[in-house]
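Residue numbers (the numbering used here), protein chains in the order written: chain A, 1 to 80; chain B, 81 to 443.
In what follows, a structure is listed as structure tokens, so that the remarks can point back to it.
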């Protein structure tokens with residue numbers, strides 16, 4: 001278990017960014033963060049939709065360059 | 081030639097544009113029902129069916145649309161649908177989804193598209209798999225002497241149209257109570273509100289459903305204007321394009337359906353480029369191999385079932401064809417089976433492997 005995890009899934013088409021995020025969040029400690037770099041346009045919808053519905057907090061969501069995004073998901077203490 | 085180019089090409093560009101902005105992917109629509117219990121895109125799909133079926137039977141009543149011979153080759157529909165669904169999961173997109181993603185700059189989708197064409201071409205004419213396809217397509221039946229769902233049930237097609245609308249309206253009604261989206265997609269400052277509405281983020285499912293539904297109707301009208309009686313269809317056009325480029329070079333092969341297929345990536349490119357989502361990208365070697373196998377299987381399955389997820393899943397289902405309904409139901413089963421085999425099982429295996437490694441230091 002780690003405090004912060006960085007997941008780089010650039011190049012991976014959907015649904016792999018979401019599947020890998022769902023896996024990796026399990027390795028993050030409560031209060032910790034999962035940082036995901038991705039370039040699948042569909043994931044701009046399905047990643048935040050999953051994160052909010054699973055009870056995580058979207059700390060930031062930014063477009064890093066054309067067709068590339070970074071989302072930071074925080075695992076709340078009580079959400080674990 | 082010019083009319084076919086404009087009618088088919090423009091329909092393709094519009095379809096590609098709408099599908100890219102609406103993230104309209106039928107692999108996701110079917111897969112997410114099972115994988116994440118998310119019905120967002122499936123609701124858009126039902127809305128598309130409701131709009132298109134009402135239009136088809138209205139235009140049929142007006143004498144604009146005539147229905148051709150539509151035999152119910154049940155074994156072909158079952159086997160083809162299942163293979164198509166399984167392959168779609170490997171390929172990471174349906175026939176249309178693959179084409180608009182080519183326009184987004186996905187090299188993996190381009191590989192799927194080329195192998196889809198190879199699989200489809202190999203399954204027809206003089207192709208290696210053509211005899212096998214004809215064998216499996218052999219058994220055909222009628223139900224109560226009919227090959228349509230309404231004929232088999234002995235009811236008016238409008239009752240079935242009404243049933244689709246009832247489901248679609250129930251989805252729309254319930255969506256009013258869904259909580260507002262809790263996140264905002266990052267967009268550049270200084271854009272007009274119109275730009276934000278179109279390119280800011282993926283469209284909501286009702287907007288996507290209406291847009292794609294209307295394009296399906298436009299597709300019928302532009303297709304008929306060139307003398308082709310039919311709606312949107314991808315598999316045949318994709319196979320013909322490959323034959324045109326590699327075998328004949330004969331412009332007579334380029335009809336409405338071929339220009340449609342060429343138009344979809346263009347529409348996908350325009351939409352993704354304008355939205356700042358275009359980027360050339362490629363997954364790793366293993367994923368590309370997976371796309372090749374998936375593409376081949378999709379081409380074979382679509383030929384066997386006499387339609388891909390568009391020709392069967394969108395158009396034939398809206399016409400209540402027994403062949404189309406059977407193929408689409410088995411496509412959905414195939415997608416679920418494929419999701420389990422190719423997505424759920426590998427991720428479980430990865431999770432246990434991680435668990436073993438992780439347990440030692442943390443305990």
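Here a beta-carbon is modelled for each residue, glycine too, at the ideal position from N, C-alpha and C.
1) Check whether chain A comes within 8 Å of residue 281/B, counting only Cβ atoms and requiring the distance to be less than that.
2) Taking the alpha-carbon of residue 42/A as reference, which of 422/B, 180/B, 384/B and 427/B has the nearest alpha-carbon?
3) Would residue 79/A pass as an interface residue toward chain B - the criterion being a Cβ-Cβ separation below 8 Å?
4) Starting from residue 283/B and walking both ways along the beta strand (DSSP E), at which residues does that stretch end?
5) If you compare alpha carbons, which of 307/B, 324/B and 288/B is closest to residue 120/B?
6) Chain A beta carbons: is any one of them nearer than 8 Å to that of residue 184/B?
7) Starting from the beta carbon of residue 430/B, find every residue of chain A whose beta carbon is closer than 8 Å, and list them in chain order.
8) Measuring alpha carbon to alpha carbon, tell me which of 15/A, 50/A and 57/A ends up nearest residue 77/A.
9) Just checking: is the beta-carbon of residue 364/B within a distance shorter than 8 Å of some beta-carbon in chain A?
10) Check whether the Cβ atoms of residue 314/B and residue 391/B sit closer than 8 Å, and answer yes or no.
11) Mark residue 437/B as exposed unless 16 or more other C-beta atoms lie within 10 angstroms of its C-beta, in which case mark it buried.
12) For residue 258/B, which of helix, strand or coil comes out of DSSP?
13) With H, G and I counted as helix, E and B as strand and the rest as coil, what does DSSP make of residue 330/B?
14) Which chain A residues sit within Cβ distance under 8 Å of residue 296/B?
15) Spatial neighbours of residue 29/A within its chain, please: C-beta separation below 6 Å, excluding the five flanking residues on both sides.
16) Does the beta carbon of residue 222/B come closer than 8 Å to any beta carbon on chain E?
17) Does residue 221/B pass the burial test, meaning 16 or more other C-beta atoms within 10 Å, or should it be called exposed?
18) Using a Cβ-Cβ distance under 8 Å, would residue 411/B count as near chain A?
19) Tell me, to the nearest whole angstrom, how far the beta carbon of residue 192/B is from that of residue 307/B; I am working on the premise that it is less than 8 Å.
20) Considering only DSSP beta bridges, list what residue 8/A is partnered with.
21) Taking only beta-carbon atoms, is residue 443/B less than 8 Å away from chain A?
22) Leaving aside the five residues before and after residue 165/B along the sequence, list all residues of the same chain whose C-beta is less than 8 Å from its C-beta, in chain order.
23) Which of helix, strand or coil does DSSP assign to residue 117/B?
24) Quick one: what's got a C-beta closer than 6 Å to residue 251/B's C-beta in the same chain, skipping five residues either side?
25) For the structure I just gave you, are there three or more beta carbon pairs, one from the segment 63-70 of chain A and one from the segment 85-102 of chain B, closer than 8 Å?
26) Roughly how many whole angstroms lie between the Cα atoms of residue 339/B and residue 127/B?
27) Please report the Cβ distance between residue 226/B and residue 196/B, rounded to the nearest whole angstrom; I am assuming they are in contact, meaning their Cβ atoms lie under 8 Å.
28) Please report the distance separating the alpha-carbon of residue 400/B from that of residue 229/B.
29) Determine the DSSP secondary structure at residue 61/A, reduced to helix, strand or coil.
Well, looking at it:
1) yes
2) 180/B
3) The predicted position of residue 79/A is uncertain, since its pLDDT is 45 and thus under 50; no value can be drawn from it.
4) From DSSP, residue 283/B is part of no beta strand (DSSP E); its letter is neither H nor E.
5) The shortest Cα separation from residue 120/B among 307/B, 324/B and 288/B belongs to 288/B.
6) yes
7) 23
8) 57/A
9) yes
10) yes
11) For residue 437/B, the pLDDT reaches just 49, beneath the cut-off of 50, and the residue's location in the model is therefore unreliable, leaving the point undetermined.
12) coil
13) coil
14) By Cβ distance, chain A contributes nothing, its closest Cβ being about 21 Å from residue 296/B, past 8 Å.
15) 1 and 3
16) As a matter of chain content, chain E is missing from the structure shown, whose protein chains are A and B.
17) With fewer than 16 other Cβ atoms within 10 Å, it is exposed.
18) no
19) Between residue 192/B and residue 307/B, the beta carbon gap of about 31 Å keeps them out of contact (Cβ cut-off 8 Å).
20) 37/A
21) Residue confidence is low: residue 443/B scores 36 on pLDDT, short of 50, so the model does not pin down where it sits. Its coordinate-derived value is still stated next. So no, residue 443/B is outside the interface.
22) 110, 381, 410, 411, 412, 413, 414, 415, 416, 417 and 418
23) coil
24) 123
25) no
26) 26 Å
27) Contact doesn't hold; Cβ gap of about 32 Å is too wide.
28) 5 Å
29) strand
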